[in-house]
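S.K.: Residues -18 to -1, 1 to 817, numbered by mature numbering (1 follows the signal peptide of the UniProt record, and there is no 0), are exactly what the sequence shown covers, in order.
For glycine and all other residues, C-beta sits at the position ideal for the given N, C-alpha and C.
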Amino acid sequence: MLLFLYTLTLFNHFHTKAEKILCQMMGDAKYPLLSKDGEATIGGIFAMHSKETLPSFEFTQKPQPLLCSSVNLPDFRLAQIMIFAIEEINRSQMLLPNVSIGYQIYDTCSSRMSSMSATMGLMNGPEFAAGETCNGESSIHAIIGETESSATVILSRTTGPFKIPVISHTASCECLSNRKDHPSFFRTISSDYHQSRALAYIVKHLGWSWVGTVNSDNDYGNYGMAIFLNTAQKEGICVEYSERFYRTEPEKLKKVVDTIKKGTAKVIVAFVSFIEMGLLIDQLNTLNITGLQIIGVEGWITSKSLITPKSFQVMGGSLGFALRKINLEGFSDYVVKEFWDTAFPCSQIKGNISQHEINCSKYQDLLALKKYNEDVPEQRYSSHVYKAVYAVAHSLHSLLKCKEQEGCEKDLTIQPQQVVEALKKVNFTVKFGDRVWFDRTGAAVAQYEVVNWQQDSDGSLHFKSVGYYDASLPPDQQFVLKTENIIWAKGQLEKPNSVCSESCLPGTRKAAQKGRPVCCYDCIPCAEGEISNETDSNNCKQCPREYWSNAEKTKCVLKAVEFLSFTEVMGIVLAFFSLFGAGLTALVAILFYRMRDTPIVKANNSELSFLLLFSLTLCFLCSLTFIGQPNEWSCMLRHTAFGITFVLCISCVLGKTIVVLMAFKATLPGSNVMKWFGPAQQRLSVLALTFIQILICVLWLTISPPFPYKNMKYFKEKIILECSLGSSISFWAVLGYIGLLAVLCFILAFLARTLPDNFNEAKFITFSMLIFCAVWITFIPAYVSSPGKYTVAVEIFAILASSFGLLFCIFAPKCYIILLKPDQNTKKHMMGKTF
């Protein structure tokens, strides 16, 4: 029983003690590398060393602290900038006039473990116990850091629940723009959203459509490359390969380099951080992969440690976006004259020499850098740290209700959440002219300088500014690139070409290759009648109806207009035979007129003969109306003249045939038929038959006359200028009427072929009508099937052939008698009969 009471009492003792100390540090506090007390404190996290040595973990005793080595001068300078800005503010009478700002700067040694330890150190402070509650407030009003995006994501997520504002000077990952995940995060650098899009714009601007990409396998590289790839796709840029690796993955790095070596893309977009880029350059150097045009980002493009004679062999001519270089007035002098005496006071220790050495030994690696300040002008991130410090100061200035003459209300307690809200509203201009404000994502406006790795004549290497990108300017002024100042890969003065397929020249179009990106295509010539008048045209455009493509398929030209002309061989030949026929008919008429009193002329009804010769002359001449460029009058004239003259001609032949029949009947005893078909009746019949054709033609011209027509049916590349019939029914009615008369005349002549007359004219009329009908029967299919001007030529040929047939068959025998057998041209001979 006594033992039980003793145990209960001991338990209550320890339980009461535990209630008094709820929060207790489980290890040693991490102290800042650089610190200074103040009424307001700004924390800083920088990787001032680039290497760490991990202790052995035996799990039997407390691990030894991490050992840092290899001074990271760029981040060390940034810590100096932070102190420089704070001391500048402390001396100012305009900003926080009676409030001193202190700082606590931690070194992460480029380690995630040290970074987390530093974050906890800033949030918790150095106290070993938090008392009876765990509700203590952090003494830090804001934290400036980290350098890398991935480390900054961890920092922001760790401090986020405590509403402690984090302002980064270099973390540009777009992932940090999410205000839901990072509500208290700000940055004086712009988001990679702008840089990634600008990378796509510069590739597009330089005419490269076939690129390879490499990125760091972390938040910075993955998010940045994702935005680039999305923008590149919209801009029509194709990516041959997209590789990624992390600094601790040598096998992946080898795979990346092997892919680059095998690839055909001559342009590589490298969205990698400084460390990964150094590893990539070493591998490219090892395998001697040169001639690639590298496009870089602000994370490495202006790194002095990367631009060396060895790396320049593979990286010479690199092009990329960098932060603007701003010279902070007074900082270079501050580095030499003040910083070393205040931050590292070992030189002021007097007395024991050994004690002096002990106090200075821990800064030995830094003291080796004391004489060097040449790198200060190249610190492109320094202005961003400077802006971050001033942004916090302006926030505190507004929260403490500071006034120029009256100072600040020091008794006010400032919570980190208040600083967050105040940072959202800051808007001021720093001494070098830049305006500082944060957008809705907590980022600054995008302003980049385009730099080019170049080598001077003396062999020195430097970064040449060749353009800029400023998102605050109007869209048409945001991007400027001076290509004439760029030295390309391998020192070339001409821009390299990086395409999957060469550009398709005007006159061709792009045809995508199956299974390959859209930038890989074949160039297909445009079809006839289509053109492309620009390079890399996706489609060929159809020429307007009256236009056709030229031989190169680059522009539409007026189609060649074709018609049967007097200047071409066919037109000349047809015109010659037309005039020859008309002339020959005129000679026959003259001959008949001179021999009009001879028996052979009288015996052949001289009146109808002269009328027939006149109509034949018109038939020959009407064919001329079919030659030459068709117009409204010629179209109406050619068909109506042809129809009327041929009816007149056939009517005369028909009249002569009837006369022959009537003359035979009149020789029979008791016959008086000639009184019913005398000269008056003959003339009347010819006029009546011709009048019917005239009536048909008048109706044709009245209802739907022929007209000039551009025929594009037979030939796509040219226009056949012809006469449209207007009314096809009228045209075939004209031809049908001629055919009807011709058939009738042929039948009558055939019936009269055996008349017992030595000079039986019916035989020759039969032959002429046979030729006439044969010509016009063959004309119909030939007319329908002949294209273009050959249709007109067929019609002219039919007119001339039938006209010559009538002329030769009817008048040649008579001319033969008159000219060569005058002895037969007598009345006695004409009265001779054969039975």
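Would you say Q675 and G625 are within 7 Å of each other, going by their C-beta atoms?
M.R.: It is a contact, given that the beta carbons lie within the stated cut-off.
S.K.: Leaving out the 5 sequence neighbours to the left and right, which residues in its chain are closer than 6 Å to F253 when beta-carbon positions are compared?
M.R.: For F253, where only same-chain residues beyond five positions count, the Cβ hits under 6 Å are N197, G203, G206, M207 and V279.
S.K.: Thinking F410 and H376 are a contact (beta carbons under 8 Å), I'd like their distance in whole angstroms, please.
M.R.: With 8 Å as the limit, F410 and H376 qualify as a contact, their Cβ atoms being about 5 Å apart.
S.K.: Taking all protein chains shown into account, do 16 or more other C-beta atoms lie within 10 angstroms of the C-beta of Q436, making it buried, or fewer, making it exposed?
M.R.: Per the 10 Å Cβ criterion, buried.
S.K.: Would you call M76 buried or exposed, if buried means 16 or more other Cβ atoms sit within 10 Å of its Cβ?
M.R.: Exposed.
S.K.: Using the DSSP secondary-structure output, state which residues sit across from F210 in a beta bridge.
M.R.: BP columns for F210 are empty, so no partner.
S.K.: Would you kindly work out how many angstroms separate the C-alpha atoms of V448 and L301, rounded to a whole number?
M.R.: Taking the straight line from one Cα to the other gives about 9 Å.
S.K.: Closest to S667 by CA distance: which of C631, T395, A783 and M694 is it?
M.R.: Among C631, T395, A783 and M694, the Cα nearest to that of S667 belongs to C631.
S.K.: Does the beta-carbon of D805 have 16 or more other beta-carbons within 10 angstroms, so that it is buried, or is it exposed?
M.R.: Classification of D805: exposed, given that the 10 Å Cβ count is below 16.
S.K.: How would you label G194, buried or exposed, when you count the other beta carbons within 10 angstroms and need 16 or more for buried?
M.R.: It is buried - the Cβ of G194 has at least 16 other Cβ atoms within 10 Å.
S.K.: Relative to the C-alpha of residue 854, which candidate in C797, V81, V53 and F697 has its C-alpha closest?
M.R.: It is not possible to answer for residue 854, since the shown part of the chain is limited to -18 through 817.
S.K.: Is it right to say D201 is buried, meaning 16 or more other beta carbons lie within 10 angstroms of its own, or is it exposed?
M.R.: Result: buried.
S.K.: Using CA coordinates, which residue listed in S121, L60, S93 and T90 is at the minimum distance from E84?
M.R.: Checking the sequence shown, residue 84 turns out to be Gly, not Glu. Checked all of S121, L60, S93 and T90; the closest Cα to G84 is S121.
S.K.: Roughly how many angstroms lie between the CA atoms of A111 and I146, to the nearest whole one?
M.R.: Only weak support is given to the placement of A111: the predicted model assigns it a pLDDT of 47, under 50, and the value that follows is read from those uncertain coordinates. Their backbone Cα atoms lie some 21 Å apart in a straight line.
S.K.: Look at Q664 and G637 and say whether their C-beta atoms are less than 7 Å apart.
M.R.: Cβ distance < 7 Å, so Q664 and G637 count as in contact.
S.K.: In three-state DSSP terms, what is I68?
M.R.: I68: helix per DSSP, three-state reduction.
S.K.: As an exercise, report each continuous beta strand (DSSP E) stretch of at least 3 residues that is fully enclosed by the region 135 to 163, in chain order.
M.R.: Segments of the beta strand (DSSP E) lying fully in the region 135 to 163: 148 to 150.
S.K.: Between which two residues does the beta strand (DSSP E) harbouring Q399 extend?
M.R.: Careful: Q399 lies outside any beta strand (DSSP E), inside the alpha helix (DSSP H) at P398 to L405.
S.K.: Please confirm whether T639 and R620 have their CB atoms less than 7 Å apart.
M.R.: Going by C-beta atoms, T639 is not nearer than 7 Å to R620.
S.K.: Would you kindly check if the distance between the Cβ of A453 and the Cβ of V418 is under 7 Å?
M.R.: Cβ atoms of V418 and A453: not closer than 7 Å.
S.K.: Over what stretch of residues does the alpha helix (DSSP H) that includes V555 continue unbroken?
M.R.: Note, V555: alpha helix (DSSP H), V551 to R576.
S.K.: Could you please give the first and the last residue of the uninterrupted beta strand (DSSP E) stretch that includes V221?
M.R.: C220 to F227 is the span of the beta strand (DSSP E), which, as asked, contains V221.
S.K.: Three or more beta-carbon pairs under 8 Å between the region 743 to 755 and the region 723 to 732, yes or no?
M.R.: The region 743 to 755, when compared against the region 723 to 732, does touch it at the 8 Å Cβ threshold.
S.K.: Contact criterion: CB-CB distance below 7 Å. Does N309 meet it with respect to chain D?
M.R.: Checking the listed chains, one finds no chain D in this structure; it contains a single protein chain.
S.K.: Indicate the three-state DSSP secondary structure (helix, strand or coil) for A133 in the structure shown.
M.R.: DSSP places A133 in helix when its eight states are reduced to three.
S.K.: Just reading off the beta strand (DSSP E) that R422 is part of, what are its end residues?
M.R.: Taken as a continuous stretch (DSSP letters only), R422 belongs to no beta strand (DSSP E), as it is neither H nor E.
S.K.: Report buried or exposed for E388, applying the criterion of at least 16 other Cβ atoms within 10 angstroms of its Cβ.
M.R.: By the 10 Å Cβ count, E388 comes out exposed.
S.K.: Mapping DSSP to helix, strand and coil, what is K523?
M.R.: If DSSP states are grouped into helix, strand and coil, K523 belongs with the strands.
S.K.: To the nearest angstrom, how far is the alpha carbon of V148 from that of R422?
M.R.: Cα to Cα, V148 sits roughly 15 Å from R422.
S.K.: With 16 other CB atoms within 10 Å as the buried threshold, where does K535 fall?
M.R.: K535 should be labelled buried.
S.K.: Please classify N54 as buried or exposed, where buried requires at least 16 other C-beta atoms within 10 Å of its C-beta.
M.R.: Buried, because 16 or more other Cβ atoms sit within 10 Å of the Cβ of N54.
S.K.: Tell me where the alpha helix (DSSP H) around W682 begins and ends.
M.R.: Where W682 is concerned, the enclosing alpha helix (DSSP H) stretches over P661 to I685.
S.K.: Measuring straight from C-alpha to C-alpha, what distance separates L788 and F574?
M.R.: Cα-Cα distance, rounded: 16 Å.
S.K.: Between the region 504 to 521 and the region 457 to 472, can you find at least three pairs of beta-carbon atoms closer than 8 Å?
M.R.: In short, these stretches do not touch, since the Cβ pair count stays below three.
S.K.: Leaving out five residues before and five after I184 in sequence, what residues of the same chain have Cβ atoms less than 6 Å from its Cβ?
M.R.: Once the five neighbours on either side are set aside, I184 has no close Cβ partner at all.
S.K.: Comparing alpha-carbon positions, which option in L60, T672, D440 and L188 lies nearest Y368?
M.R.: It is L60 whose Cα lies nearest to the Cα of Y368.
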